[in-house]
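Here is the structure we will look at.
There are 2 protein chains.
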Amino acid sequence: MIYFDWAATSVPDSEIIDKVREAEKIYFGNPSSIHAEGRKAKKLLIQSREILADTLNVHPEEVIFTSGGTESNNIILFSLLARSAWKGTYKKKVIVTGIEHPSVYDPALFLQKLEYDVVIINPDQEGRIIPEKIAEAIDARTVLVTCMYVNNETGAIQPIMETGKLIRDAEKKTGRKILFHVDAVQAFGKIPFSLSSLNVDTASISGHKIGGSKGIGALYVQKDISYDFLYKGGDQEDKRRPGTENIAGAYSLALNGKKAAALLDDRLTKTRLLMKRLISSLSGIKGIVFLPQSRNKENQDLFSPYILKVAFPEIPGEVLVRMLEEKGILVSTGSACSSQKKKGKHRVLERMNVPAHIAESSIRISPGCLTTEEDVDTLLSIMARLIPELQKIM
Amino acid sequence: MIYFDWAATSVPDSEIIDKVREAEKIYFGNPSSIHAEGRKAKKLLIQSREILADTLNVHPEEVIFTSGGTESNNIILFSLLARSAWKGTYKKKVIVTGIEHPSVYDPALFLQKLEYDVVIINPDQEGRIIPEKIAEAIDARTVLVTCMYVNNETGAIQPIMETGKLIRDAEKKTGRKILFHVDAVQAFGKIPFSLSSLNVDTASISGHKIGGSKGIGALYVQKDISYDFLYKGGDQEDKRRPGTENIAGAYSLALNGKKAAALLDDRLTKTRLLMKRLISSLSGIKGIVFLPQSRNKENQDLFSPYILKVAFPEIPGEVLVRMLEEKGILVSTGSACSSQKKKGKHRVLERMNVPAHIAESSIRISPGCLTTEEDVDTLLSIMARLIPELQKIM
């Protein structure tokens, strides 16, 4: 089986798994315990936090370990309930983009039910948010803006730096702090960025997207931000995220993040070439639609080479996924987190004004760090034969 | 080092760690993916859920995997926000006990700030909740009652069955559903119970207390209960707990739970004998105070033999913990989750009317499944020498 669904989850790094499991046996103490085993475990937790902070180019106290990207995103959206829901007398405004992951978008819709003014900013046809549209929506009631870094369906890299700058400008005008949250799950370890220079207040990352364990993620909270988090309990994670720390998970995230950062440039260069080869050959298949359409023309720097979305209008995406699987190729129709949803499965494409029948016939091809030229060529030769066959019978 | 802090976290089961590690490499897919790797991973998740459900004597669809006991407890308390906070016009009542873990107690205090009527029921001097006191507090506005199963400080087993029965009676009177939540973290795998026969609606358990990994837990939700959970995102865990599932963690919890259940009776018998030996010998140390005082007299069935709380009034608990550590014995002052708290560190003892100076000089001795008679005798001989020495110089 050739795996082209790295955006859903990555093939784990076996060496790091072995290292982490050995650590799990040795550093088994509860890091909140004051005795020797507790202190030993705490040391590994501190070390993991330092490694991750270093990778993100932030301070260790700005890194909170969570159970994953979904929890990190939910913490931010629902911390509003703890912060301000019952205080201010005015209707608070939250700005989200229409292409967010469900773990940002669905909490935002829930805030709307709670009488927050939730403004949804849609992307252009290229799947890209225009920073000025966010800036225009900001007013004195705005408490939070969220925009993801790399879209998990199209791979479109969002203009975080520019958006952050406009938010900081708006703050000066309104005289109020506006939190800027970035879901960096598909960006971390894959495209280069330094959190501390992005004008971002909070950001989410996940371990299992970069070779690490499932059930671990992190939340960056810029150190001048004081958040009153909703979930309560023990004073772990500097009183911000209660619960006995998942030390093995934290260590896994730290090691995989470090490795991904060290190899990022080489992998990116390699994957850009693979993606170029993939796009160029796929262009030759009759009827293919790139999503966005300019994907095969535009500057590749505007997209992550780890995600490609294409459609073959006559062929339902799910059929193509199954047919490719029969030939030994694993791709997906789109986001795994949305795969079970009946409504909103194709929200990201809808917001780019992609017609429903195109969205229904789309697949996501997502290479990863272990993907080879041979894998790509196998995929291409199978698709080149399979697509015309399917087009004939559909 | 002899480890007597199993209530904080357990020594992990190395064999299961190895088994889980191999599974993590093989079943790496995202269980929400529809392709072969996704289905393979989902199969292990389903199997883990079935094993755990079988151990708890409940249906698989009643088991939700979470990141731990703290999250499970928080989900229940804060699901109220999603359920009813903005709906009913009357002030809703939540009843909690004064001896709950911080992950129940602190969310309850937060609900109080949000204008919930939060009633706190304190235990008797034995550290035990009187079911009738809970029943008396119930009225037509009551939406939730929570009571832990085994107290994490004293080991006192709470009358869950009786409390549940009274709550079911009260429901008949008020004509409204009252949710009964039980934090079973210190009970699961240690004392025998069947969730389905306890009149309980929801219950929390944790993996790392029974030899499993940190960062995994579960929430039992009785199948007739419809909860609108707060955190949103993907449709994982039957739309109740979003986020890519921690399959390795779920498998770890399932395997450790199954093993603990299989060995529960033997371990319980063995540990009851060890605890009897421990209590009987400790009684000989001048000045010792058992918490509760009747612990050395009363029927042992009222306490978990895995937790013992004692105090030596002249000796600060933290000093004793460090002195014992120097002699190779690891005990704790109390709950690890409360160890960093400045306020409320001794809340459980306070609620039992234990004087502050006694609480300050208390330690928790918590044996586990690997604890031997020799370990207990070593602890006893060290304490028999150390305590009088310390009493002299204090």
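Protein chains in written order, with numbering that gives the first Met the number 0: chain V, 0 to 393; chain U, 0 to 393. For every residue, glycine included, the Cβ atom is placed at its ideal position computed from N, Cα and C. On a predicted model such as this, the values are computed, not experimentally measured, just so you know.
For V/Lys92, return the contacting residues in chain U, with the cut-off set at a CB-CB distance below 7 Å. Indexing the first sequence from 1 puts residue 92 of chain V at position 93. Those within 7 Å of V/Lys92 in chain U number zero; the least Cβ separation is about 18 Å.
How about V/Gly174 and V/Gly67: are their beta carbons less than 8 Å apart? One-based indexing of the first sequence puts residue 174 of chain V at position 175. One-based indexing of the first sequence puts residue 67 of chain V at position 68. Not a contact, by the Cβ cut-off of 8 Å.
Which residue's Cα is closest to the Cα of V/Leu43: V/Tyr250, V/Met160, V/Leu229 and V/Phe192? Here residue 43 of chain V refers to the residue found at position 44 of the first sequence. Checking every option, the nearest Cα to that of V/Leu43 belongs to V/Tyr250.
Would you tell me roughly how many angstroms separate the C-alpha atoms of V/Ala40 and V/Ala259, rounded to the nearest one? Sequence index remark: in the first sequence, residue 40 of chain V carries index 41 (1-based). Sequence index remark: in the first sequence, residue 259 of chain V carries index 260 (1-based). Cα to Cα, the separation comes out at about 25 Å.
Shorter than 8 Å from the beta carbon of U/Ala358 to some beta carbon of chain V? Mapped onto the second sequence, residue 358 of chain U falls at position 359. For U/Ala358, the answer is no, since every Cβ of chain V falls outside 8 Å of its Cβ.
In its own chain, which residues sit with a C-beta less than 7 Å from the C-beta of U/Ser193, not counting the 5 before and 5 after it? Here residue 193 of chain U corresponds to residue number 194 of the second sequence, with the count starting at 1. Counting only Cβ-Cβ distances below 7 Å, and skipping sequence neighbours, we find Asn56.
Using a Cβ cut-off of 7 Å, which residues of the segment 195-216 of chain V contact any Cβ in chain U, in chain order? His207, Ser212, Lys213, Gly214 and Ile215
Listed in chain order, which residues of the segment 55-68 of chain U have Cβ atoms closer than 7 Å to some Cβ of chain V? Ser66 and Gly67
Identify whether V/Trp85 lies in helix, strand or coil by the three-state DSSP scheme. For the purposes of this step, residue 85 of chain V is identified with residue 86 of the first sequence, where counting begins at 1. Low confidence applies here, because V/Trp85 scores a pLDDT of 47, under 50, leaving its location unreliable; read the following figure in that light. Residue state, collapsed to three classes: coil.
DSSP beta-bridge partners for V/Leu218? Numbered from its first residue, the first sequence carries residue 218 of chain V at position 219. V/Leu218 pairs with V/Ile63 and V/Ser203.
Classify V/Gly283: buried if its beta carbon has 16 or more other beta carbons within 10 angstroms, exposed otherwise. Within the first sequence, residue 283 of chain V is the residue found at index 284, counting from 1. By the 10 Å Cβ count, V/Gly283 comes out exposed.
Measuring only the C-alpha atoms, how far is V/Pro337 from V/Val103? For the purposes of this step, residue 337 of chain V is taken as the residue at position 338 of the first sequence. For the purposes of this step, residue 103 of chain V is taken as the residue at position 104 of the first sequence. With the sequence shown as reference, residue 337 of chain V is identified as Ser, and Pro is not the correct amino acid for it. Answer to the nearest angstrom: the Cα atoms are 13 Å apart.
Where U/Asp105 meets chain V, residues with beta-carbon distance less than 7 Å: On the second sequence, position 106 is the one that residue 105 of chain U refers to. Those are Lys231 and Gly232, listed as they occur along chain V.
For the beta strand (DSSP E) that contains V/Ile179, what are its first and last residues? In the first sequence, residue 179 of chain V corresponds to position 180, counting from 1. Looking at the sequence provided, one finds Phe at residue 179 of chain V rather than Ile. Residues Leu178 to Asp182.
State the Cα-Cα distance for the pair U/Phe27 and V/Thr370, rounded to the nearest angstrom. Counting from 1 along the second sequence, the entry for residue 27 of chain U is found at position 28. Counting from 1 along the first sequence, the entry for residue 370 of chain V is found at position 371. The straight-line gap from Cα to Cα measures roughly 16 Å.
Got a sec: which bits of the segment 18-33 of chain U sit with their beta carbon under 7 Å from any beta carbon on chain V, in order along the chain? Arg20, Glu23, Lys24, Phe27, Gly28, Asn29, Ser31, Ser32 and Ile33
Is it a yes or a no for the segment 382-389 of chain U touching the segment 129-141 of chain U, going by three-plus beta-carbon pairs under 8 Å? no
Please check if any C-beta of chain V sits within less than 8 Å of the C-beta of U/Ala247. For the purposes of this step, residue 247 of chain U is taken as the residue at position 248 of the second sequence. For U/Ala247, the answer is yes, since a Cβ of chain V falls inside 8 Å of its Cβ.
Leaving aside the five residues before and after V/Gly37 along the sequence, list all residues of the same chain whose C-beta is less than 8 Å from its C-beta, in chain order. For the purposes of this step, residue 37 of chain V is taken as the residue at position 38 of the first sequence. The answer, listed in chain order, is Gly28, Asn29, Pro30 and Ser31.
Just checking my contact of V/Arg239 with V/Tyr226 at CB under 8 Å: how many whole Å lie between their CB atoms? The count along the first sequence starts at 1 and reaches residue 239 of chain V at position 240. The count along the first sequence starts at 1 and reaches residue 226 of chain V at position 227. With a Cβ gap of about 7 Å, V/Arg239 and V/Tyr226 count as contacting.
Based on Cα-Cα distance, which residue from U/Ile306, U/Glu21, U/Lys172 and U/Lys176 lies nearest to U/Val93? Here residue 93 of chain U refers to the residue found at position 94 of the second sequence. When only C-alpha atoms are compared, the closest one is U/Lys176.
So if DSSP puts V/Phe396 in a beta bridge, which residue, or which two residues, is it bridged to? This structure cannot speak to residue 396 of chain V, because chain V is shown only from 0 to 393.
Are the CB atoms of U/Leu319 and U/Ser78 nearer to each other than 8 Å? Taking the first residue of the second sequence as position 1, residue 319 of chain U is located at position 320. Taking the first residue of the second sequence as position 1, residue 78 of chain U is located at position 79. Cβ distance not < 8 Å, so U/Leu319 and U/Ser78 don't count as in contact.
Straight-line CA distance for V/Ile120 to V/Thr96? For the purposes of this step, residue 120 of chain V is identified with residue 121 of the first sequence, where counting begins at 1. For the purposes of this step, residue 96 of chain V is identified with residue 97 of the first sequence, where counting begins at 1. Their Cα atoms are separated by approximately 4 Å.
Tell me the DSSP secondary structure of U/Lys285 in three-state form. The residue you call residue 285 of chain U lines up with position 286 of the second sequence. Correct three-state label for U/Lys285: coil.
May I have the straight-line CA-CA distance separating V/Glu61 from V/Asn72, to the nearest angstrom? As a first step, residue 61 of chain V is located in the first sequence; it is residue number 62 there, counting from the start. As a first step, residue 72 of chain V is located in the first sequence; it is residue number 73 there, counting from the start. Near 15 Å, if we compare the C-alpha coordinates of V/Asn72 and V/Glu61.
Can you tell me whether U/Ile25 is buried or exposed? The criterion is at least 16 other CB atoms within 10 Å of its CB, across all chains shown. Translated into positions along the second sequence, residue 25 of chain U becomes position 26. It counts as exposed.
Let me know if V/Glu152 comes out buried or exposed under the rule of 16 or more other beta-carbons within 10 Å of its beta-carbon. Taking the first sequence and counting its residues from 1, one reaches residue 152 of chain V at position 153. Flag for V/Glu152 reads buried.
Output the distance between the C-alpha atoms of V/Glu105 and U/Ser293, rounded to the nearest integer angstrom. The count along the first sequence starts at 1 and reaches residue 105 of chain V at position 106. The count along the second sequence starts at 1 and reaches residue 293 of chain U at position 294. First, the amino acid is wrong: residue 105 of chain V is Asp here, not Glu. Those two C-alpha atoms are separated by around 52 Å.
Beta strand (DSSP E) containing V/Lys231: first to last residue? By one-based count along the first sequence, residue 231 of chain V stands at place 232. That residue, V/Lys231, is in no beta strand (DSSP E); it is neither H nor E in DSSP.
Nearest chain U C-beta to V/Ser83 closer than 8 Å, yes or no? Along the first sequence, one-based indexing puts residue 83 of chain V at 84. Per-residue confidence for V/Ser83 stands at a pLDDT of 49, beneath the threshold of 50, marking its modelled position as unreliable; no derived number is given.
So which residues on chain U does V/Gly163 lean against when the C-beta distance must stay under 9 Å? To locate residue 163 of chain V, count along the first sequence from 1; it is residue 164. What V/Gly163 touches in chain U: nothing, since even the nearest Cβ is about 24 Å away.
Hey, V/Ala155 and V/Leu323: beta-carbon distance below 8 Å or not? Translated into positions along the first sequence, residue 155 of chain V becomes position 156. Translated into positions along the first sequence, residue 323 of chain V becomes position 324. Cβ distance not < 8 Å, so V/Ala155 and V/Leu323 don't count as in contact.
With DSSP as the reference, please indicate the residues paired to V/Phe187 in a beta bridge. For this step, residue 187 of chain V is matched to residue 188 along the first sequence. DSSP, once it has assigned bridges, lists no residue as partnering V/Phe187.
8 Å Cβ cutoff, U/Glu317 in contact with chain V: For the purposes of this step, residue 317 of chain U is taken as residue 318 along the second sequence, with counting starting at 1. Taking Cβ atoms only, chain V reaches closer than 8 Å to U/Glu317, which makes this a yes.
So U/Gln185 and U/Ala6 are in contact, right, with Cβ under 8 Å, and what is the actual spacing, rounded? Counting from one through the second sequence, the residue named residue 185 of chain U turns up at place 186. Counting from one through the second sequence, the residue named residue 6 of chain U turns up at place 7. Yes, they are in contact, since the Cβ atoms of U/Gln185 and U/Ala6 sit about 6 Å apart, within 8 Å.
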